[in-house]
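Numbering (UniProt numbering), first residue to last: 1 to 402.
A virtual CB, placed ideally from N, CA and C, is assigned to each residue, including glycine.
As structure tokens, the structure follows; a few thoughts come after it.
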Amino acid sequence: IAIKDKIIRKEHGGDTQFVCIDLNDENEKFQLKLDGNSPKLDGFIQGQRYRIETELDDDSQTEISNETISEIKNRLLTSLEHLKKLNDEKQLIADLWCHFGKILVYNVDEEESKNIFTPVDFNRRLMKIVSNNKDKNAYWKVSFEEGVDPSVDEALPESEDDNHRFPRLKLVHTQWRYDFGFGTPSYRNVRLKAWKCLRSGPPGSDDQPPDEVKNILTPVFLQAEKDMKAWICYPSVTVLRGEIMTPNSPYDCRMKLRTGSRYVTDKDSVCLEEDAILSDYLSHCTLVKKDDNMTLCLPDEENHKIPDGFGCIFYREAKEKIFSATADEECFTVIVLDEKGWDSDSTEKREQKQFGIRVVMNSWSEALLSPEQDWTPEEIVAKLDKYMDFLSSLKNYLFDDS
1 IAIKDKIIRK EHGGDTQFVC IDLNDENEKF QLKLDGNSPK LDGFIQGQRY RIETELDDDS
61 QTEISNETIS EIKNRLLTSL EHLKKLNDEK QLIADLWCHF GKILVYNVDE EESKNIFTPV
121 DFNRRLMKIV SNNKDKNAYW KVSFEEGVDP SVDEALPESE DDNHRFPRLK LVHTQWRYDF
181 GFGTPSYRNV RLKAWKCLRS GPPGSDDQPP DEVKNILTPV FLQAEKDMKA WICYPSVTVL
241 RGEIMTPNSP YDCRMKLRTG SRYVTDKDSV CLEEDAILSD YLSHCTLVKK DDNMTLCLPD
301 EENHKIPDGF GCIFYREAKE KIFSATADEE CFTVIVLDEK GWDSDSTEKR EQKQFGIRVV
361 MNSWSEALLS PEQDWTPEEI VAKLDKYMDF LSSLKNYLFD DS
């Protein structure tokens, strides 16, 4: 992470990370199951990785325990209180959601990995709050691998008219999203965010980016793709990452709280010049269609070379299917992403492909994504029970019933 990005993150309260493991009772027994897949960015993760699973097969429906929800509330409340203080000084927006994947532990002794474990063992070994542990080699560390088995798509509604057996789950829109990451000559980290068939917003908002887009620097007008919408932005600032382990389920989840201003206003002359140069270059991007795939390509090097000092560091493309659902008088948005692209770390460039599911509570978004809304941390946290109930129900339906 660049020094400038570290400074920005610190100004927003840092990147608080916590780990919690959902337990049924204190006498549960667990084992470590070796994960045979390579980490997506193995330059930062060394050694074998394991997933914590219950010792016995249990096909019963699972819910997040009250103790786990209480722990998440405490972590979330602290971050929201800090964010609220910042919001009183400058207009910020934020989004709060979870996505599914697998939480894996590493830095585990090979002989120890064969043992049977109890909740007490985990409390001794897991790095529960990352920033509070100085002797990091004494603890198991965790990594989150986003994504689920693509076969779960068969359990989702296929069309907007499909009456679905999961409570009021309905397909409402399909769109395509594209992201490029760039380093600039002044060592800034910026993104191009582009959409095709972008979901319509309220009347008069056709030229506006989606509500969750933050830190907007400048629009980009794609000359060959008039129906696409695109903007150059700074990345959102993640202020909270919570790894929520559910050993009695095939998948875990990560909670994220991210923030930023809607538009960047404090741009100096260097920033303005770089953004103008990059915007002009990216305006020559083209969409290449092959079969059912649409790939956004950087300009042809023969006609438009990437400007001096700029470098492309990652690419994502995703077909996003957006579903709506209601439960317990709350509305939810479930975003299913069939995603591919490439990323890079300190060792190599690596192709990536994953099938992701993100779960959003609409009332949270309505409060946190509007600078005019006068929300309180207590109001947000008060709805965590309903959110976790829905998350558990959806997870049971998609994964545990199969």
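With fewer than three CB-CB distances shorter than 8 Å, the region 217 to 236 does not count as touching the region 323 to 337. Among the bridge pairs identified by DSSP, Gly311 is matched with Gly183.
Of Ser200, Asp268, Asp179, Cys285, the smallest CA-CA separation from Pro235 is found for Asp179. DSSP, read as helix, strand or coil, puts Lys170 in strand. Apart from the 5 residues on each side of it in sequence, Ala367 sits with its Cβ closer than 8 Å to the Cβ of Gln373, Trp375, Glu379, Ile380 in its chain, given in chain order. Counting only the Cα atoms, Lys383 lies some 21 Å from Gln17. Burial is judged here by how many other beta carbons sit within 10 angstroms of a residue's own beta carbon; Ser392 has at least 16 and is buried. For the pair Asp385 and Phe310, the Cα-to-Cα distance works out to about 45 Å. For Asn362, the three-state secondary structure derived from DSSP is helix. DSSP, read as helix, strand or coil, puts Tyr387 in helix. When the alpha-carbon of Phe117 is set against those of Trp97, Cys197, Glu81, Glu26, the nearest one is in Glu26.
In the DSSP assignment, Pro119 falls within the alpha helix (DSSP H) that extends over 119 to 125. Its chain contains Arg9, Asp15, Lys256, Leu257, Arg258 as the residues whose beta carbon lies nearer than 8 Å to that of Thr238, once the 5 sequence neighbours on both sides are disregarded; these appear in chain order.
Following the DSSP letters along the chain, one finds Ala230 inside the beta strand (DSSP E) bounded by residues 228 to 233. Relative to the Cα of Ser370, the nearest Cα in the group Thr62, Lys90, Ile64 belongs to Lys90. The closest CA to that of Asn107, considering only Arg254, Leu76, Val142, is found on Val142. Annotation for His12: Leu86, Val237, Val239, Thr259 place their beta carbon closer than 7 Å to its own, counting only its chain and skipping 5 residues before and after.
Inter-residue distance for Phe399 and Val152 is about 7 Å (C-alpha atoms, whole angstroms). Residue state for Tyr263 is assigned as strand, using DSSP reduced to three classes. In the structure shown, Glu225 adopts coil according to DSSP, grouped into three states.
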